[in-house]
Each structure stands twice: as structure tokens, then as C-alpha cells.
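Data first, discussion second: the structure below is written as C-alpha cells.
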Amino acid sequence: MTHKELVDQVSANLIKQSGKIQSERSWLAMRNYLEKLDSNQLKLILKEDA
1134 MTHKELVDQV SANLIKQSGK IQSERSWLAM RNYLEKLDSN QLKLILKEDA
């Protein structure tokens, strides 16, 4: 899985858990943060959600 796919999957899981996005600005902030994480960190987040 590519880094972008991991970011997409983690962000989708976070949105699913919260039920909504507060604003486009908060969504962009979350995406920017996730993009700074490495692939191992993103995989760890996905495992914690499972």
C-alpha cells in the first residue's frame, strides 16, 4: 500500500469514527498531519482502529 493510500485509509477511518468533519479546514489540517507521518506510523494507527 502506498503512503497516499495509507493516509486516505486512516483519514477515512477517523471520519467514520467521529461521524462528521467539523470543517474543510480541520479536514485539511488532519490530512497534513497524516501526510507527515511515515508509513509505519500510519499502519500502527490502522491496527489500533481494528
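First residue of the sequence shown? That's 1134 in my numbering, and the numbers climb one at a time after it.
Idealized CB from N, CA, C, for every residue including glycine.
(request) Verify whether the separation of the beta carbon atoms of V1140 and E1168 is less than 8 Å. (result) yes
(request) Measure the alpha-carbon distance for W1160 versus L1170 and round it to whole angstroms. (result) 16 Å
(request) Drop a sphere of 10 angstroms on the beta-carbon of L1177, count the other beta-carbons inside from all chains shown, and report buried for 16 or more, exposed for fewer. (result) exposed
(message) For S1156 and A1162, I'd like the C-alpha separation in whole angstroms.
(response) 10 Å
(message) Let me confirm a value: L1179 is counted as buried when at least 16 other C-beta atoms fall within 10 Å, else exposed. Which label applies?
(response) exposed
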